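Structure record follows, encoded as structure tokens.
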DNA sequence: AATGAATGAGTGTTCATTCAT
DNA sequence: TATGAATGAACACTCATTCAT
């Protein structure tokens, strides 16, 4: 009785917090299962058990299985959209910023290995709205790369280049670390991969006259290795 | 009388041909459905109906749904593994051969749009053997690119570069035309995309001293948007 | 308020009871159908309909059709393992106890006619564990007969005899009332059959010197057909 | 041409023989499979493969699967109906003939182990006519026992007994060697089993005054073993 | 807010049977 | 006779979703 009255606002906040925690608990459980099996092979019953709740409870937070899948994927992408920019804040020099952004992106992909695969595998099961949310989130993760590119272009450090296409090339380089990990894992370490891709990316973009200035960002400057 | 004897081989050949046609008919029907809905949302009943045969007949040619899915994906990749090399036969000059291979690859991806997406979406439902088959087929499609790169490197036309990594970057450029088509389709035509990627790829690899020689392979070097 | 706390155990008990009732409901329905058609000709759908529940619900209580079949058979045998001993409690004299046990056994077989046939027909579809459960249950039903035999042997009322083999002969006499009912039903009533078998069993076992003492357990010693 | 005309009769006979061989080939193949798996778990395709013929050919000789199953069971029973009497021909003395018949019966059951189980498991899948055929065949196998009993009764060697019931008891003794083999195999050899059952059967039937005369047919005459 | 028993449409798979060759 | 490709109805089993408690 007393609680109901003078604690309305705190109560609402607490409720929202509890609700968010539940949602996180559920998407985490779902993600854990979906990463090894694919969303279609994960039943709501299994998610409930993994999360330690009842089936019915999931439906209090997600209207359908599709919504739950969307929740999982959007969760992964949102996390990436936060962590990629965070990893590239303090660098001033646009070229070093670009290299830094690409490195950060690849490292985040490495952390989110399964999450990235998930987006490629499961998106198509979503409705139009969910699909759009995912596309938006992906574009957001590419922003730091594109921003660094634009700055470098503004300062005439790089050749004129289609920023959109090249930006997505860089994004694919990062995603490829997850998508083609089965191929690279045998003879390429994460650090090798990052160094090679930075080297390739800068080779493609940087004007030749600045090459010496950023020589440390290139692999193997004198002789080829293969 | 005589037919019974010397017609054994033709008979076997005819049977093999009929069998191959059936398999093609079935994987084609399955592919058509799976491309729009994802393999898990396509029932064997639906495939049977699409192919105009009975359910039981599918099981005469594919032991399980998983085998059918494998058949579809391997079919797509095999076709790519044939058509990409075919598109790069007659070119002598390694740089032009590289450009030609990349162009051909992107165009084949454009033709096989849905098939490429299928590979990324459905592979994980396969058993170890099937997965390996797909990986092998993919590596085969990358071969023409890698070969052209090696030749160019041998002739010192390009900078030293990790051929494996760069080769897969090119493969990803091609795949990206399918994977990120939702992004590019608004303001990039296929020809634009090809031109830009060739330009970017050669910028990354070609030694500066040869740039003039292959100026026609670069997009607008002097003036460009932005 | 108080209910929440001290009602935990009653709640569990109630659930167990409900569960047991469901299991009984399902095995009963299954038994009814299987007795006339054989387990393989009874579909889970048919069982569901007969029981008035949904297919899915059966799978909440039985992991597979095989488990359901096992449940039915074990149910029948367990009932027999209870009712045969119950029918022979109060008799002191080992010979009369033996006769009584055989009579009770045959009468229970008569009640469980279909159930006995089921055991012979369906056991082989079970896994090793289920098969063992059934064998154990059968051996348990034979116990009252064997016990009576041992007592009679201890008191030198019967000739030395292999108790195991003779015990199973008696069990087969009982089972035969179900197995060969098609043969006996034309000219033998249940009571005739019981009397004849008791007479035969005692003739085989009882020492001649005690024959007069149990004369009432023999059929017509002096005059009989043929 | 010439063959067609003057060889009509031999041709028909040859055809009949070929047909009988085919039927035997098919029921043998079916029996081999059904014994380990139960008729319902054996497909016509599997029978065809086991027999080394096509599915269609089976339908030229058996109108349906049910007919094939009937063919198998009747085949087994017919063989038994031939071999049991054959094993008891030359014995004159009715008591020894009875013992001999029971022994032969048990030995034939031992040979036809799987076949006997088959009759109990599969008969119920047959139509009325097939069921009758099986019952008739079974009754025929019991005949030698019943005949020996009648002769012994005529010569007053055995007590008055219901020949029908007792005859079937003996048949069940024999069948039990197959039906309850899982129970006996651990501590009873075939020869033990035969000796025990003969002893029990004669104890039940033989008049006490003739016991000495056939003492060799009883196990353990002086003291009990168990 | 939370449970979990219950539903029932939908799926992959099998197999008796047919029939063109 | 003999083949075996083709059929399609039937089945065991799953799982998203609901709802009484």
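Residue numbers (my numbering), protein chains in the order written: chain B, 84 to 309; chain D, 84 to 309; chain L, 84 to 309; chain W, 84 to 309. For every residue, glycine included, the Cβ atom is placed at its ideal position computed from N, Cα and C. For clarity, every value in this text was computed on a predicted model and none was experimentally measured.
For residue i, the residue or residues it bridges with in DSSP
| i | result |
| --- | --- |
| residue 217 of chain W | DSSP, once it has assigned bridges, lists no residue as partnering residue 217 of chain W. |
| residue 283 of chain B | Partner(s): none; residue 283 of chain B has no beta bridge. |
| residue 262 of chain L | According to DSSP, which records beta bridges pairwise, residue 262 of chain L is partnered with nothing at all. |
| residue 241 of chain L | L:289 |
Whether residue i touches residue j by CB criterion (9 Å)
| i | j | result |
| --- | --- | --- |
| residue 180 of chain W | residue 257 of chain W | no |
| residue 328 of chain D | residue 240 of chain D | Residue 328 of chain D cannot be examined here, being either before or after the span of chain D that is shown, 84 to 309. |
| residue 217 of chain L | residue 153 of chain L | yes |
| residue 204 of chain D | residue 203 of chain B | yes |
| residue 125 of chain W | residue 134 of chain W | no |
| residue 286 of chain W | residue 246 of chain L | no |
| residue 158 of chain L | residue 107 of chain L | yes |
| residue 131 of chain L | residue 122 of chain L | no |
| residue 284 of chain L | residue 302 of chain L | no |
| residue 250 of chain W | residue 220 of chain W | no |
| residue 164 of chain L | residue 190 of chain L | no |
| residue 188 of chain L | residue 167 of chain L | yes |
| residue 118 of chain W | residue 185 of chain W | no |
| residue 259 of chain L | residue 252 of chain W | yes |
| residue 213 of chain B | residue 141 of chain B | no |
Residue i, DSSP secondary structure in three states
| i | result |
| --- | --- |
| residue 304 of chain L | Any reading at residue 304 of chain L must be qualified, since the residue scores a pLDDT of 47, below 50, and its modelled position is unreliable; the value itself is stated next. Coil. |
| residue 100 of chain L | helix |
| residue 209 of chain L | coil |
| residue 109 of chain B | helix |
| residue 160 of chain B | helix |
| residue 289 of chain B | strand |
| residue 196 of chain D | helix |
| residue 297 of chain D | helix |
| residue 148 of chain D | helix |
| residue 120 of chain D | helix |
| residue 186 of chain L | helix |
| residue 367 of chain D | No statement about residue 367 of chain D is possible, as the shown extent of chain D runs from 84 to 309 and does not include it. |
| residue 125 of chain W | coil |
| residue 136 of chain W | coil |
| residue 86 of chain B | Any answer about residue 86 of chain B is weak, because its pLDDT of 48 lies below 50 and its placement is not dependable; what the coordinates show is given next. The answer is helix: DSSP assigns residue 86 of chain B an H, G or I state. |
| residue 175 of chain B | coil |
| residue 309 of chain L | Residue placement at residue 309 of chain L is flagged as unreliable, the pLDDT there being 43, under the threshold of 50; a coordinate-derived value is accordingly withheld. |
| residue 153 of chain D | helix |
| residue 270 of chain L | coil |
| residue 95 of chain D | helix |
Residue i beta carbon near the ligand GTP (any heavy atom closer than 8 Å)
| i | result |
| --- | --- |
| residue 123 of chain W | The ligand GTP is absent from the structure shown, which contains no ligands of any kind. |
Legend entry - the segment 129–154 of chain L: positions lying closer than 8 Å to chain W by Cβ: none
Inset, instruction - Could you please tell me which residues of the segment 207–224 of chain L, in chain order, have their CB closer than 7 Å to any CB of chain W? - result: 207, 208, 218
Legend entry - Residues, ordered as in the chain, of the segment 179–203 of chain L that lie near chain W by beta-carbon distance below 7 Å: 203
Inset, instruction - Could you name the residues of the segment 263–275 of chain D whose beta carbon sits closer than 9 Å to any beta carbon of chain B, in the order they occur along the chain? - result: 263, 265, 266, 267, 270, 271, 275
Inset, instruction - Check each residue of the segment 236–260 of chain W: if its Cβ is closer than 7 Å to any Cβ of chain L, include it; give the result in chain order. - result: 236, 242, 243, 244, 245, 246, 248, 249, 251, 252, 255, 256, 259
Inset, instruction - Name, going along the chain, the residues of the segment 111–130 of chain D whose beta-carbon falls closer than 7 Å to a beta-carbon of chain B. - result: 121, 123
Inset, instruction - Identify each residue in the segment 290–302 of chain W for which the Cβ-Cβ distance to at least one residue of chain L is less than 7 Å, and report them in chain order. - result: 291
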